[in-house]
Amino acid sequence: MSIELKQERWRYPRFFTDNISDETAVVDGENARHISVVLRMRRGDIAVLCDGNGTDYLAELDSSAPENCVFRILEKSTNQAEPSIRLRLFQALPKGDKMDFIVQKAVECGAAEIVPIFTKRCVSRPDEKSMSRKLPRFQKIALEAAKQCGRGIIPAVGNAVELSKLETLLSPDSTRILFYECSETPLSRAVSEFKSNVDIVIGSEGGFEPSEADFLAGLGFVSVSLGKRILRCETAPIAAISILMNMTGNM
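Take the sequence shown: its position 137, counted from the start at 1, is 117 in our numbering, and no numbers get skipped.
What follows is the structure in structure tokens.
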């Protein structure tokens, strides 16, 4: 395989599929149509396929049709874009379509999972039926963001939960951080060492009630500040994840 082919791999279209063997891979459904009809890829064109478990496959298109496309595997390698920490974002549900933006950018920045939560100051409180309609859209946004930025997994978007039930979802052994507008403690001073699992909580437009901050402290969360400026609820998670990725050597 040429050096140029390896160096240019980030320029190739990227698709997730679980139908991969050592020699061939099949892409079907919407992705097959995108390959054959939208991109108009032809035999011999190159793509990067990912199994969703952190392994990338450099592959050459062998045949294409709107129903399925068959690739020949050229090279198998560990995905290089996945962070060394598994970061989960527990995001208080904001108004409007802000959650779409948060999901997209959180995936790009390295979050492994995003879970919407309801807090006392959440203005948006969709019922179970409404959330069931929103979740497929959130998951599709996560998928497209993962493809665009070269992730090795498709981060999951979980069902929305009340803050009071958060304890049941936390990793047993994790670094737990609450980004709290009333805290004056910088992240660098509050956390000196990170575990492999990192759980972070960020509020909605109105932030958190003091009682909620106390509740999270009881679950082992340390309250930290993102600086003197008050960030919008859709800006805060992106800033927080970026800082954490930099502190852990993942950016």
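Each residue gets a CB set at the ideal place from its N, CA and C atoms; glycine is no exception.
The three-state secondary structure of residue 103, taken from DSSP, is coil. With 16 or more neighbouring CB atoms inside 10 Å of its own CB, residue 192 falls in the buried class. Between the beta-carbon of residue 81 and that of residue 140 there is about 17 Å, and that puts the pair past the 8 Å contact cut. With fewer than 16 other Cβ atoms from the protein chains shown falling within 10 Å of its own Cβ, residue 176 counts as exposed. Between residue 26 and residue 220, the alpha-carbon positions lie close to 36 Å from each other.
Nearest neighbour of residue 100 by Cα position, chosen from 107, 90, 73, turns out to be 73. In the three-state DSSP reduction, residue 2 falls in the coil class, being neither helix nor strand.
By the beta-carbon neighbour count (other beta carbons within 10 angstroms, threshold 16), residue 45 is exposed.
Under the three-state reduction of DSSP, residue 117 is assigned to helix. The stretch 204 to 214 makes contact with the stretch 182 to 190; the number of CB pairs closer than 8 Å reaches 3 or more.
In the DSSP assignment, residue 211 falls outside any beta strand (DSSP E), carrying neither H nor E. DSSP, read as helix, strand or coil, puts residue 20 in coil. For residue 16, the closest C-alpha among the options 168, -3, 41 is that of 41. Burial check for residue 93: the Cβ neighbour count within 10 Å reaches 16 or more, so the residue is buried. Non-local C-beta neighbours of residue 36 in its own chain, meaning closer than 6 Å and more than five positions away in sequence, comprise 28, 30, 57, 59, ordered along the chain. Going by DSSP, residue 87 is part of no beta strand (DSSP E) but of the alpha helix (DSSP H) stretching over 78 to 89. In terms of Cβ geometry, residue 6 and residue 33 do not form a close pair [threshold 8 Å].
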